[in-house]
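Notes follow the structure.
Numbering (this note's numbering), first residue to last: 240 to 1281.
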């Protein structure tokens, strides 16, 4: 409970013909402003610097400081305090009209005594009053009268037989109505026929304007007259003239006034964060406000701002201004009164906002309050350069901070006392704030919202027009003012030829009903999202978007869309009657929520409220959505978005049907690349296009930007994995010797490094970026990466986890020190644990080892074998071979380097040996078995490399490398196991050989053959290997068995 306290705004500074006046606020026990006390401007004389310091620290609104006086705004109750302190005072009459605040003209002063000001007693005094309730007036005593002070029983003007006597009153600034009670008593000695009449005049436009008279001429009697009058917005003077035929026969018994004191109609609070690139624009906004200026007389308008500027300004601190009218109109000079300089403040701190609002509401009390937050905005959404990467409005460059949506809620809750004292209007002069998510967060704290669905230009709102309209019509209702701002804003830009701007005023009391309607629609969309995903993508492409990603273009790559237009398109493209009815309900409720929506012709579908809808480029649902705003918790919209936004494993066959590329790190170990073969195998089995193999250095820009990418190996060895980890919000924490943790979508998996390499972890993530699909598979070690790709190669996994888009995987070596990854050692830990059984083994046969029998020879028990120290490019070809194996439903070959190949696998397995003898010892071993040899002469005048087999020799002129390469493909049998050797001089030759193996037409064309010598020529000079660039130079017929 707050104790009653008095607080006065620093009020008015006379300078440049501008005195800005701030009103007194008395804080009541509940912390709300009492505003029914009269306010006066007084001249206070001080005798010393100590007394001046007392006045400066008293909380009075200091208007001017002279050599021995202070001009200040004080209330009636504060006179007591000043008089008790011994200060001498004079009352000042201030002209306060709508044209200037106040006068270049006359300032009148009146001596005031203690008897005149103190409440109580029968003598005249300043501004006696009691609160007016309804039409009930309460007598409160008289006002100050000119000298000589009148007392009962003294003739008003002795010696005059007839004429006028004038009483002039110094009325409070916030008077809006006066009831004058004049009592005149006649004397028995008055001549027959004499009488008296009373006339009331108000000071208007430097002349006394007749208000009315009593209409009575009483004679030889005691009587009283009453006159009521509204106070005009001119000099705060009221003149009562008394006329009598014979004043020596009459005297005035009393002359009292009863006042009503009206709170100003509006206080406009602008929280202007210019501590960024909007610095100059916000100064310009102040100049626009000054073209209208505040209006301090009844009905009053207060415009106050707090502005923080950037380092490029002529001042960089945070200042508070009371906005005065600039008689020069709109220009580039601030003439308003600087109430205070607060130094450098963090405008991105909600406490700074709280302090400003509390100050403004206490010092400038009003019937209606409007809070405007002026700065950059982005709805509820993230800003990448801010930890924790989340923002709403008010980005402070100096402090690298912003007011997030949770912080804005907190601030609004504090300053409105939990919503019990709402703002009439909450406005956002900032981009993209007209979202249903923002509305739902702020609706407990305001009656109306004004904001734009689209971005705003630097000029922002048209304050000159909107504040001018308010000052011209101060009794504008909140809905009228909110609507006025929307009209003025859009018209301002249309007149400049800009037709893509939007602004809307919304009745926040309707927001809960709108949110409920959206919840119903979202629930039914979620239940049928898979059925209507194609239609929803069409809607996504065609709904009206707003430039949320900052690329200066509103298109399907933006993540805010017009909610009404979305529902219109739902009714157009989705046939389900329930969903169509739900959409219509949203449309109708939204129409009742938006009181005025204006937009240019380039935004024909703007209806005043947007909603978050994942963009096509970053088709990712961010889980920050759920923790930053209340809307997702109140609706099923987030669940619907997840179903629509994320690609699902069940969609893999269509997503990667063609234009796919394996991408591994150029410096990756061969073990990190072996997993590509597992993915290619399942692609072949599902009749999907064969992915091309790339390292990150040979991946072409067009492939990177438009291809569907299968990214294998983690961010430490694969820059492309690092790139898309960032895009999809995947991160890791590596504590050497202790732990390794992977984070994704508020989930995590941790590996204790004391258990490695017997255990490993991995992530599989399917995402969409810029219209291409990305599959990430990586672990801490190669075992985790390989386990993830083995898991993804399971024919049943895409069905079992059909609705998912990412998995956490754990591998534990069930056969210690074996060091290889088996099916029964792999388990999914997220989204729910499951171990898939190993696929049934394939069958293989000891047919003649010729290409025509490939599907029988390697139908089962197959092993890719690469050199442990081979370059990653030498391993990429294994994926080509596995793809064709999958296509023919052959068993998936396991991947091995020569160091982890088990003896039993070496001795009895069907071996697919990729990479030449220089990088693969197993290739060297079987070259000897099959009498394959090579000659390498790099230092000859004509350096060359040649391969010989089965009586054929193919030479490569090394001066032609890397634009040419050669390769051998050899199929044989040794010790009852089938062996396929594919290797070239460089990786290009090896890769060319695997492309030939992957083309089953070669199997039939060379059905009875066992060996091919190939030549590759880079005919298009792109550094990549295409099958069309490969030719067979020699072929050896018949089987080769040793």
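Quick reminder that beta carbons are idealized off the backbone N, C-alpha and C, glycines included.
#### Entry: Start and end residues, beta strand (DSSP E) containing residue 801
As a working mapping, residue 801 is identified with position 562 in the chain shown. Unbroken beta strand (DSSP E) run through residue 801: 799 to 801.
### Query
Is DSSP giving residue 1130 helix, strand or coil here?
Position 891 of the chain shown, counted from the start, is the residue given in the question as residue 1130. Residue 1130: coil per DSSP, three-state reduction.
### Message
Beta-carbon within less than 8 Å of residue 1111's beta-carbon, same chain only, minus the 5 sequence neighbours each way: which residues are those?
### Response
Translated into positions along the chain shown, residue 1111 becomes position 872. Taken in chain order, the residues that qualify are 903, 904, 905, 906, 907, 908, 909, 911, 912 and 934.
### Task
Apply the 10 Å Cβ neighbour rule to residue 317 and answer buried if 16 or more other Cβ atoms are within range, or exposed otherwise.
Locating residue 317 in the chain shown gives position 78, counting from the first residue. By the neighbour-count rule (16 or more Cβ atoms within 10 Å), residue 317 is buried.
### Query
Contact between the stretch 707 to 715 and the stretch 654 to 665: three or more CB pairs below 8 Å?
no
### Message
In whole angstroms, give me the CA-to-CA distance for residue 1213 and residue 1003.
### Response
The sequence position of residue 1213 within the chain shown is 974, counting from 1. The sequence position of residue 1003 within the chain shown is 764, counting from 1. So the alpha carbons of these two residues sit roughly 39 Å apart.
### Message
So, with DSSP's three-state summary, where would you put residue 1275?
### Response
The residue given as residue 1275 occupies position 1036 in the chain shown. Of the three classes helix, strand and coil, the one that applies to residue 1275 here is strand, per DSSP.
#### Entry: Pick from 1017, 1217, 1116 and 1068 that is closest to residue 1087, judged by C-alpha positions
Indexing the chain shown from 1 puts residue 1087 at position 848. Of the listed residues, the one whose Cα sits closest to residue 1087 is 1217.
### Query
So what's residue 842 in DSSP terms, helix, strand or just coil?
Here residue 842 is taken as the residue at index 603 of the chain shown, counted from 1. Three-state DSSP puts residue 842 in coil, outside helix and strand.
### Message
Please report the distance separating the alpha-carbon of residue 1261 from that of residue 937.
### Response
For the purposes of this step, residue 1261 is taken as the residue at position 1022 of the chain shown. For the purposes of this step, residue 937 is taken as the residue at position 698 of the chain shown. Residue 1261 and residue 937: Cα-Cα distance of roughly 9 Å.
### Query
Can you name, in chain order, every residue of its own chain whose Cβ lies under 6 Å from the Cβ of residue 813, other than the five neighbours on each side?
Taking the first residue of the chain shown as position 1, residue 813 is located at position 574. Hits under 6 Å: 771 and 774.
### Task
Quick one: residues in its chain with C-beta nearer than 7 Å to the C-beta of residue 1081, no 5 flanking neighbours on either side, listed in chain order?
Mapped onto the chain shown, residue 1081 falls at position 842. Excluding sequence neighbours, residue 1081 sits near 1098, 1099, 1129 and 1130.
#### Entry: Opening and closing residue of the alpha helix (DSSP H) in which residue 824 lies
In the chain shown, counting from the first residue as 1, residue 824 sits at position 585. Here the alpha helix (DSSP H) through residue 824 covers 816 to 832.
### Query
Looking at the structure shown, is residue 772 part of a helix, part of a strand, or coil, going by DSSP?
For the purposes of this step, residue 772 is taken as residue 533 along the chain shown, with counting starting at 1. Note: residue 772 maps to helix in three-state DSSP.
### Query
Looking only at C-alpha atoms, which of 613, 526, 676 and 508 sits nearest to residue 599?
The residue given as residue 599 occupies position 360 in the chain shown. With distances taken between Cα atoms, residue 599 lies closest to 508.
### Task
On the DSSP bridge assignment, give the partners of residue 889 in chain order.
Looking up residue 889 in the chain shown gives position 650. The partner list for residue 889 (beta bridge, DSSP) is empty, contrary to what the question assumes.
### Message
Quick check: what's the CA-CA separation for residue 285 versus residue 307?
### Response
Position 46 of the chain shown, counted from the start, is the residue given in the question as residue 285. Position 68 of the chain shown, counted from the start, is the residue given in the question as residue 307. So the two alpha carbons sit approximately 5 Å from each other.
### Task
Answer yes or no: do residue 614 and residue 512 have a C-beta to C-beta separation smaller than 8 Å?
As a working note, residue 614 is residue 375 in the chain shown. As a working note, residue 512 is residue 273 in the chain shown. Yes, Cβ-Cβ distance for residue 614 and residue 512 is below 8 Å.
### Beta-carbon spacing of residue 675, residue 834 below 8 Å
Taking the chain shown and counting its residues from 1, one reaches residue 675 at position 436. Taking the chain shown and counting its residues from 1, one reaches residue 834 at position 595. Cβ atoms of residue 675 and residue 834: not closer than 8 Å.
### Task
Taking only the alpha-carbon atoms, compute the straight-line gap between residue 419 and residue 504 and give it to the nearest angstrom.
Residue mapping note: residue 419 aligns to position 180 of the chain shown, counting from 1. Residue mapping note: residue 504 aligns to position 265 of the chain shown, counting from 1. Since pLDDT at residue 419 reaches only 49, below the 50 mark, its modelled position is unreliable, and the value read off the structure follows with that caveat. Distance between the alpha carbons of residue 419 and residue 504 is about 25 Å.
### Task
Report the three-state DSSP secondary structure of residue 678 (helix, strand or coil).
Counting from 1 along the chain shown, the entry for residue 678 is found at position 439. Residue 678 falls in the helix class under three-state DSSP.
### Cβ-Cβ separation, residue 539 to residue 565 (assumed contact under 8 Å), whole Å
On the chain shown, residue 565 is found 326 positions in, with the first residue counted as 1. On the chain shown, residue 539 is found 300 positions in, with the first residue counted as 1. In fact, because the Cβ distance is near 19 Å, the residues do not count as touching under 8 Å.
### Message
Considering only the alpha carbon of each residue, which of 969, 1152, 287 and 745 lies closest to residue 984?
### Response
Numbered from its first residue, the chain shown carries residue 984 at position 745. The residue with the shortest Cα to Cα distance from residue 984 is 969.
### Query
Since residue 992 sits in a beta bridge, which residues does DSSP pair it with?
For this step, residue 992 is matched to residue 753 along the chain shown. According to DSSP, which records beta bridges pairwise, residue 992 is partnered with nothing at all.
### Segment contact, 8 Å Cβ cut-off, at least three pairs: the stretch 640 to 653 with the stretch 579 to 593
yes
### Query
Between residue 724 and the rest of its own chain, which residues show a CB-CB distance below 6 Å, the 5 nearest in sequence each way excluded?
The sequence position of residue 724 within the chain shown is 485, counting from 1. Hits under 6 Å: 689 and 705.
### Task
State buried or exposed for residue 914, treating a residue as buried only when at least 16 other CB atoms are found within 10 Å of its CB.
Mapped onto the chain shown, residue 914 falls at position 675. The residue in question, residue 914, is buried, as its Cβ has 16 or more Cβ neighbours within 10 Å.
### Message
According to DSSP, simplified to helix, strand and coil, what is residue 427?
### Response
In the chain shown, counting from the first residue as 1, residue 427 sits at position 188. A caution first: residue 427 carries a pLDDT of 46, below 50, which makes its placement in the model unreliable, though a value can still be read off. Three-state DSSP puts residue 427 in coil, outside helix and strand.
### Query
What distance in whole Å lies between the Cβ atoms of residue 1044 and residue 886, which are believed to be in contact at a cut-off of 8 Å?
Stepping through the chain shown from its first residue, residue 886 is reached at position 647. Stepping through the chain shown from its first residue, residue 1044 is reached at position 805. Yes, residue 886 and residue 1044 are in contact; Cβ-Cβ is about 6 Å, under 8 Å.
### Task
Over the uninterrupted alpha helix (DSSP H) stretch that includes residue 1265, give me the two end residues.
Taking the first residue of the chain shown as 1, we reach residue 1265 at position 1026. No alpha helix (DSSP H) holds residue 1265; DSSP gives it neither H nor E.
### Query
What did DSSP end up calling residue 1259 once you bin it into helix, strand or coil?
One-based indexing of the chain shown puts residue 1259 at position 1020. Three-state DSSP puts residue 1259 in coil, outside helix and strand.
#### Entry: C-beta contact flag for residue 853 and residue 803 at 8 Å
Your numbering for residue 853 matches position 614 in the chain shown. Your numbering for residue 803 matches position 564 in the chain shown. No; because the gap between Cβ atoms is not below 8 Å, this pair is not in contact.
### Task
Tell me residue 970's beta-bridge partners as DSSP assigns them.
Counting from one through the chain shown, the residue named residue 970 turns up at place 731. Looking at the DSSP assignment, residue 970 forms a beta bridge with 982.
### Task
Can you say whether residue 205 is buried or exposed, counting buried as having 16 or more other CB atoms within 10 angstroms of its CB?
Outside the displayed span of the chain (240 to 1281) sits residue 205, for which this structure offers no information.
### Task
For residue 1211, write down the residues that DSSP places opposite it in a beta bridge.
Mapped onto the chain shown, residue 1211 falls at position 972. Residue 1211 is bridged to 1218.
### residue 574 versus 843, 589 and 524, residue with shortest Cα-Cα distance
Here residue 574 is taken as the residue at index 335 of the chain shown, counted from 1. Considering only alpha carbons, the answer is 524.
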